[in-house]
Amino acid sequence: MIERLIDAARARADAADAQWHRAERTSVAFESGRLKACGIAEDAGINLRVLHQGRVGIAGTTATEPGDLLDRALASAALGETVPLVFPPAAPLPHVPTYSRATAEASLDQLTAIGAELVGRVARAGCQVNVSVDREVMETRLVNTAGVDAGYPGAAISVSVDLTRFAGDDVLMVYDGYTGIELPQAADLDALVTSIERRFTPALRLAKPPEGALPVVFTPAGLSAILLPLEQALSGKAVLQGISPLADKVGRRLFDERFSIVDDPLVAGRVSSRPVDDEGVPSRTVPLIENGVVRRFVYDLETAARAGTTSTGHGIRGTFSKPRIGFSNLIVGNRNGATETSFGGGLASGLRDGLIVDDLIGVGQGNVIGGAFSHPVALAYRVQDSEITGRVKEAAVAGNVYELLKRIGGFGNDGRWLGSRWSASLLLEGVSVARR
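With the working numbering, letter number 101 in the sequence shown gets 94, and the count goes up by one each step, no holes.
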């Protein structure tokens, strides 16, 4: 079907590419410790992009046959933007595992058993436990008029657990999850339960928030406010729009020399890994910040064409939208030798007074790309004389990412994957902490 579509496009358009994607999702949900819902959903769709008389047009369908998809894409091109788009030719693809037969063929009983086990192990008196298990089996194929015909299967499973305690007007929620292409093994479930327990138990005690410019440990979960500005600034689209603070900084050391970020779609076993992006560009590892030095930005075909450079293989697309830039697996710091040993990665040791931040409220709001942040804490702990003395409430942290990352106090030994990001805890000096 997709071949016929591209053959027809060859005769009527200057160039074209099309992606077909199918996904089957199985979900199991436990609420308040009881099995609440099980469901299976399937969807498939084709996204067609044409280049005609220098203009780009897009159309999509979820129908089993494309029908008038080409006509609609050409009509879109008549009103589309002029883009010097060049589709990539066929090229060898790297090998990267994206599929697990055991995951794809796991029965509903197996998935339910994973959830039931976690409910039993995490449950505490007076607390609510919610667990979800989601399995997805996928197939992707990309064809273009330049000769690309690439496809790959995919499988993914995610498990999430949240433990909530209500005590008057105090709500304590601790959550974590597992994501991968392989079914979680006993060690993975053990790590998930341990993670919940390590953060829940000290949170039962309340501590008075500190104030001032203090050392703050951001856990892998708490790092979102620190990393989000960099993710936006490292996008080629932000560079084109003239809003990236890093736009003219390639080759300059702006951060602590121990700080690095790599985008790597070739990591085995990760759900965001892929041999080719959604535009037919072969995947490769891309250093973005290396030893504190800004190295490069990520591009899809359109932003690369507008910038006069080449795509880095970061095009992603949905059924009805044009391709856009999307990261794959972001690796922050050095993965070698990092093994989880304690909450906060051992960085609390040696702190006279400070915080461990595990979750913040309002991340992503405001002028994120500028680097300044100010967020109330959702889950944070006070550290006094190297010991966690309790959970703090009514506190907020603030600072500027570009300044704080110039003086990193240390990297934790608790490196781990959270979704499509790998990082360890990070100790930043001089973060503003205020009571609310």
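All C-beta atoms in this analysis are idealised placements derived from N, C-alpha and C, irrespective of residue type, glycine included.
Backbone CA spacing between Met166 and Ile354 [nearest angstrom]: Between the alpha carbons of Met166 and Ile354 lies a gap of roughly 13 Å.
Length at least 3, wholly inside the segment 281 to 327: the beta strand (DSSP E) runs in chain order: Segments of the beta strand (DSSP E) lying fully in the segment 281 to 327: 323 to 325.
Test item: CB-CB of Gln225 and Val361 under 9 Å: Yes.
Spatial neighbours of Ser413 in its chain, beta-carbon cut-off 6 Å, leaving aside the 5 residues before and after: Ser265 and Asn322, listed in sequence order.
Nonlocal neighbours in the same chain, by C-beta distance under 7 Å from Val286, ignoring five residues either side: Taken in chain order, the residues that qualify are Gly244, Arg245 and Arg246.
C-beta contact flag for Val350 and Val370 at 9 Å: Taking 9 Å as the Cβ cut-off, Val350 and Val370 qualify as a contacting pair.
Gly392 (DSSP reduced to helix, strand or coil): In this structure, Gly392 counts as strand in the three-state DSSP scheme.
Buried versus exposed, by CB contacts within 10 Å (16 or more), Asp256: Around the C-beta of Asp256, 16 or more other C-beta atoms lie within 10 Å, and the residue is accordingly described as buried.
Under 9 Å between C-beta atoms of Arg15 and Glu98: Result no, Cβ atoms of Arg15 and Glu98 do not sit closer than 9 Å.
First through last residue of the alpha helix (DSSP H) which encompasses Gln103: Looking at the DSSP string, the run of the alpha helix (DSSP H) that includes Gln103 is Leu101 to Val115.
Residues that Leu411 bridges to, as DSSP identifies them: Bridge partners of Leu411: Arg414.
Under the three-state DSSP convention, the category Asp436 falls into: Outside the shown range of the chain (-6 to 429) lies residue 436, about which nothing can therefore be said.
Reference Asp10, options Gly338, Ala149 and Arg42, closest by Cα: That would be Arg42, whose Cα lies nearest to the Cα of Asp10.
Runs of alpha helix (DSSP H) lying entirely within the segment 187 to 269, each at least 4 residues, in chain order: If we require 4 residues or more, the alpha helix (DSSP H) runs fully inside the segment 187 to 269 come out as 217 to 226 and 229 to 234.
Leu135 - partner residues in DSSP beta bridges: Gln12 and Ala143.
Element boundaries [alpha helix (DSSP H), containing Glu380]: Element bounds for Glu380: not the alpha helix (DSSP H) but the beta strand (DSSP E), Glu380 to Val385.
C-beta contact flag for Val385 and Ala200 at 9 Å: It is a contact, given that the beta carbons lie within the stated cut-off.
Cutoff 6 Å; reference Thr157; Cβ partners in own chain excluding five residues on either side: Only Gln121 and Met166 meet the Cβ criterion.
Supposed close pair Gly392, Ser425 - CB separation, criterion 8 Å: Rounded, the Cβ-Cβ distance is 6 Å, consistent with contact.
Boundaries (first-last residue) of the alpha helix (DSSP H) holding Glu98: Run containing Glu98: none; DSSP gives neither H nor E here.
When Gly273, Leu421, Ser304 and Ser237 are compared against Gln12, the one with the closest alpha-carbon: Per the Cα distances, Gly273.
Cα-Cα separation between Gly405 and Leu419, rounded to whole angstroms: Cα-Cα distance, rounded: 6 Å.
Per-residue burial, Ile219 [other beta carbons within 10 Å of its own, 16 or more giving buried]: Buried, because 16 or more other Cβ atoms sit within 10 Å of the Cβ of Ile219.
Runs of beta strand (DSSP E) lying entirely within the segment 327 to 381, each at least 3 residues, in chain order: Listed in chain order, they are 346 to 353 and 365 to 377.
Option in Asp181, Arg288, Asp7 and Lys29 with minimal Cα separation from Val124: If we check each option's Cα against that of Val124, Lys29 comes out closest.
Straight-line gap, Val115 to Ile381 (C-alpha atoms, nearest Å): The alpha-carbon separation between Val115 and Ile381 amounts to approximately 22 Å.
Continuous beta strand (DSSP E) stretch holding Arg5: start and end: In the DSSP assignment, Arg5 falls outside any beta strand (DSSP E) and lies within the alpha helix (DSSP H) extending over Ile(-5) to Arg5.
Leu63 and Val210 closer than 9 Å at C-beta: Cβ distance not < 9 Å, so Leu63 and Val210 don't count as in contact.
From Val130, Leu101 and Leu398, residue whose alpha carbon lies closest to that of Thr91: Looking at the Cα atoms, Val130 is the closest of the given residues.
Which listed residue (Arg267, Thr54 and Asn284) has its alpha carbon closest to that of Tyr145: The closest CA to that of Tyr145, considering only Arg267, Thr54 and Asn284, is found on Arg267.
Inter-residue CB distance, Ser416 and Pro213 (contact presumed, cutoff 8 Å): Contact holds; Cβ gap of about 5 Å.
Beta-carbon gap between Leu104 and Leu185 smaller than 9 Å: No, they are not a contact pair.
Reference Phe159, options Ala139, Arg128 and Ala118, closest by Cα: For the set Ala139, Arg128 and Ala118, the Cα lying nearest the Cα of Phe159 is the one of Ala118.
Gly235 beta carbon less than 9 Å from that of Pro275: Taking 9 Å as the cut-off, the beta carbon of Pro275 is found no closer than this to the beta carbon of Gly235.
Euclidean distance between Cα positions of Leu421 and Gly161: When rounded, the distance between both Cα atoms is 34 Å.
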